[in-house]
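Undergrad: My structure is below; once you've seen it, I'll send some questions.
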Amino acid sequence: MSLNLNDKKAVVAEISAKIASAQTIVVAEYRGIQVGHLTQLRAKARDQGVYLRVLKNTLARRAVEGTAFADLASEMTGPLIYSISDDAVAAAKVISDFAKTNDKLVVKAGNYAGKTLDKAAVTALANIPSREVLLAQVLGMMLVPVASFTRGLAALAAKKSEGEAPAAAAEPVAEVTEAAAE
1 MSLNLNDKKA VVAEISAKIA SAQTIVVAEY RGIQVGHLTQ LRAKARDQGV
51 YLRVLKNTLA RRAVEGTAFA DLASEMTGPL IYSISDDAVA AAKVISDFAK
101 TNDKLVVKAG NYAGKTLDKA AVTALANIPS REVLLAQVLG MMLVPVASFT
151 RGLAALAAKK SEGEAPAAAA EPVAEVTEAA AE
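Using our numbering, the first residue of the sequence shown is number 1, and each one after it goes up by one.
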């Protein structure tokens, strides 16, 4: 279906708006994928907050012109699906995870923060844990010294209380003995 000039301008404007806030774009060739599988891919992308769209390559090239993703224009050939996300890893993760189960989806390239990525780099980016997981890991590492310090203080307190209990029991006996002597 061909688009008229106004429709093309609207598509370029929409994609440009998405790209303006994006950190990552991943392009993949979808030749031969059944419609049902593409629907599943779109549903996964929606769940992850990833903008996923099949575009005409000329419109996509116009949308990335003058942006940090301009180097990706040389990879825009063939039937491509574009995965765009504000999260650094989400776009790569959605496409790579789906490509593992469907061999007809072939990752071509990607771009993260202005750096062009090949297929291996996109896969490596997809294997990075999500932002929430990374934050939890950092918080866990920050809590380890505090927890160790707390356990050390508790052990020291327990040791002192064990050492003081026999001494405290011996003192009243000594006081009773002294009081009886008087």
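Glycine included, C-beta positions come from ideal geometry on N, C-alpha and C.
Apart from the five residues just before and just after LEU41, which ones in its own chain have a Cβ nearer than 6 Å to its Cβ?
TA: PHE98
Undergrad: Tell me whether the segment 47 to 62 and the segment 101 to 110 touch, counting them as touching only if at least three CB pairs, one residue from each stretch, are closer than 8 Å.
TA: no
Undergrad: Assess contact between the segment 118 to 127 and the segment 80 to 96, defined as three or more Cβ pairs (one per stretch) separated by less than 8 Å. Is contact present?
TA: Touching, yes.
Undergrad: Beta-carbon separation of TYR112 and ALA73 under 8 Å?
TA: no
Undergrad: Grab the span of the alpha helix (DSSP H) containing GLY36 for me, first residue to last.
TA: Residues 35 to 48.
Undergrad: Output the distance between the C-alpha atoms of ASN4 and ALA10, rounded to the nearest integer angstrom.
TA: 10 Å
Undergrad: Tell me the rounded alpha-carbon separation between LYS115 and ARG31.
TA: For LYS115 and ARG31, the distance between alpha carbons rounds to 26 Å.
Undergrad: Let me see if you follow: with CB-CB separation under 8 Å, is HIS37 close to chain D or not?
TA: Considering every chain present, this structure includes no chain D. It has just one protein chain.
Undergrad: Helix, strand or coil: how does DSSP classify THR67 here?
TA: coil
Undergrad: Classify VAL64: buried if its beta carbon has 16 or more other beta carbons within 10 angstroms, exposed otherwise.
TA: buried
Undergrad: Please state whether DSSP places THR24 in a helix, a strand or coil.
TA: strand
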